[in-house]
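The block underneath contains the structure these notes are about, expressed in C-alpha cells.
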C-alpha cells in the first residue's frame, strides 16, 4: 500500500503543526528575545548582555547551582529506591496486581499537593514531630531548611513510581533463564542490569530534567535563599517585566534539557545497534 | 505462600508513604474550626464536616471546579482531534523523517512545563491570549498532545496490518475499515489516552499558572493561592487537595484498567 506524500502531510500537520506553532515558535521567539531581538521594550539589536547578567550575577549563579542540586539529589534518591523496587516487582507475590496499580498514584499527584503533604507531615509542629515528641525524639528542620530536605522528599516521592515504571518495563522485556544455576544476584548484576541500562538511563535523565524545572515544590518548601533558576525566571518575567533576562534563563534551562535528551538518544542509539534493534 | 514477606513489606511501605499522608490530609480537612488542631495534639480535638460543607457556599471554589472540568474536557477533545491523524501516520505509514518527527513530538514532554510556559506565555502576552481560558487550553495541549500521540500510535501499531489489507482487498472502503476494524480494536487505547489526558490537564499547574494566573483560577492555581499566601489555611488546602485528587486518582485507575497492561503507559512516557 503506497500513500501519497500529500496524504502523509495532511495526516501529520494537525499534531506536528500544532507543536511547531505553540512549542517550537515560542522557543525560537524566546531565543531571539534573550538575544535582544524581541519586540517588547527596548529593541536594541543583537546583544549577549542578558546572558552576561545571568552568568555574572552571583544570585543567578547560585540559582543555577541550586537548580542542579535539587535535580541531582532527588534523582539519586529516586534511583536508590526505584531500582530495587523495580527488581522486586518482577517476582510474584500475593496482591501484586493491586500493588501495581496503587504504587503509581504519585504519578498523577500535582507537585503542589506533594508539597502540601510534606508541609503537614514534616514542618515544625507537623504530624511527624507530634508523633515523635512523646518518644523524646525530634526532627531536624525539614521545610525551608538549608539543605532543602523537604524539596528532596517531595520531588523524590513524585519521581519514584515514574522511575520504577520505566525501569520495570526495561527489566520485564529481558527474558532471563536461570536454568544453568546462576544465582539471583549474579543474574541481576551480569545480565539484567546491563541490558536494562537504556531504561535506567532514560528514567534518570527524565527525572533529572523534570526536577531542574521544578517550580511549585521549591517555592513552597525551599529556603529563602538560594532560589532555583525557575523561580528567578518567573520573577524576572512577571514581577520585573524583564523578558530578556527571563527568556535567557529559559534558554539556559532548555539547553540543559536538550543536551540531556541528545545524550539519551546517543546512548540508546548505540545500545540499539549493539543489541540488534531489540531495545526500544 | 511464595512472596508473602515481599508482599507484606511492599504494602507496609505503601501504607507509610501513601496512605498515612492521605490520612493526615483527610484529618486536616475535617478539623472543626471551634476546636482547631494545634501542636501537641496528634489528632484534632473535634471533627466536623464544616470545611466540606463550606464548599457549597464558596462561589470562587465552585467556579474553580467548573473551570477545571471545562478546561480539562476541552484539552482532551482538542488533543484527541489533533493527535489521531498524526498518530495514524506515525503508526501505519513508513516514511523517512519518522524518527526526527517522533523526537520533536516528544520534546515538549521532556522540556519542563515552566520553560514551555514562559515561551508560550510570552507569545500569548504579545497576541493577547495571556490570562484567558482559551490561552490556558492551548498551553495545556502542548503538554498533553505528545502523550496522546504516543498512546494512540502505540495502540494503532498493535493492530495487525494484515487485517486492514484483507478488508481493503475484499472491497471495504477506507471508511468501512476505520469503522469496523480500526475503531473496535483501538477503542481501549483511545479511552485510556483520553482519560490520561484529562487527568494530566486536571492536575497541571505550571503552564496554567504562567499563562492564566491569577485571572484563570483552576483548582491547582487555587491551591497555590491557598498555600503560597501570607496565611496558610491548612483545612482549606486539604479540602482543595481532595477535590483535585479524588477525580484524578479514580479516572487514573479506570484508565489503567482500560489499558489492561502497562504497555501504553510505559510507551507514552518511557519508550522515547
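Chains as they are written, first to last, in the working numbering: chain G, 1 to 280; chain S, 1001 to 1272.
Idealized CB from N, CA, C, for every residue including glycine.
CB contact check: residue i to chain S, cutoff 7 Å
i             : result
residue 15/G  : yes
residue 253/G : yes
residue 231/G : no
residue 60/G  : no
residue 159/G : no
residue 87/G  : no
residue 144/G : no
residue 193/G : no
residue 286/G : Residue numbering for chain G in the displayed model covers 1 to 280; residue 286/G lies beyond these limits and cannot be assessed.
Rounded distance between the beta-carbons of residue j and residue i, thought under 8 Å
i              : j              : result
residue 1075/S : residue 1141/S : 5 Å
residue 1227/S : residue 1244/S : Not really, about 12 Å apart at Cβ, beyond 8 Å.
residue 155/G  : residue 70/G   : 7 Å
residue 1136/S : residue 1233/S : Contact doesn't hold; Cβ gap of about 25 Å is too wide.
residue 139/G  : residue 122/G  : 7 Å
residue 1238/S : residue 1188/S : Not confirmed; about 35 Å, so no contact.
residue 1235/S : residue 1024/S : Actually they are not in contact, since the Cβ atoms of residue 1235/S and residue 1024/S sit about 12 Å apart, beyond 8 Å.
residue 1010/S : residue 82/G   : Not really, about 13 Å apart at Cβ, beyond 8 Å.
residue 1145/S : residue 1082/S : 6 Å
residue 150/G  : residue 137/G  : Not really, about 18 Å apart at Cβ, beyond 8 Å.
residue 148/G  : residue 170/G  : That belief does not hold up - the Cβ atoms of residue 148/G and residue 170/G are roughly 30 Å apart, past 8 Å.
residue 12/G   : residue 1104/S : Residue 12/G to residue 1104/S, Cβ: 11 Å. No contact.
residue 1193/S : residue 1152/S : 6 Å
residue 1207/S : residue 1066/S : With a Cβ gap of about 20 Å, residue 1207/S and residue 1066/S do not count as contacting.
Residue i, DSSP secondary structure in three states
i              : result
residue 1009/S : helix
residue 1159/S : coil
residue 116/G  : helix
residue 1217/S : coil
residue 249/G  : helix
residue 1236/S : helix
residue 173/G  : coil
residue 37/G   : coil
residue 1102/S : helix
residue 1182/S : helix
residue 151/G  : helix
residue 1002/S : coil
residue 144/G  : coil
residue 1173/S : coil
residue 1193/S : helix
residue 1204/S : coil
residue 1228/S : helix
residue 1248/S : helix
residue 23/G   : helix
residue 48/G   : coil
7 Å Cβ cutoff, residue i in contact with chain G
i              : result
residue 1221/S : no
residue 1252/S : yes
residue 1131/S : no
residue 1095/S : yes
residue 1224/S : yes
residue 1119/S : yes
residue 1086/S : yes
residue 1185/S : no
residue 1178/S : no
residue 1028/S : yes
residue 1100/S : no
residue 1039/S : yes
residue 1007/S : yes
residue 1227/S : yes
residue 1089/S : yes
is_contact[residue i, chain A] using C-beta, thresh 7 Å
i             : result
residue 197/G : The chain labelled as chain A is not found among the protein chains of the depicted structure, namely G and S.
Exercise. What are the uninterrupted segments assigned as beta strand (DSSP E) that are 3 or more residues long and contained completely in the segment 1013-1097 of chain S, given in chain order?
Worked result: none
Problem set entry | Length at least 4, wholly inside the segment 1108-1159 of chain S: the alpha helix (DSSP H) runs in chain order | 1113-1127 and 1133-1157
Exercise. Which ranges does the alpha helix (DSSP H) cover as unbroken runs of at least 4 residues, wholly within the segment 174-255 of chain G, from first to last along the chain?
Worked result: 184-187, 197-212, 216-221 and 229-238
Exercise. Which ranges does the beta strand (DSSP E) cover as unbroken runs of at least 3 residues, wholly within the segment 55-139 of chain G, from first to last along the chain?
Worked result: none
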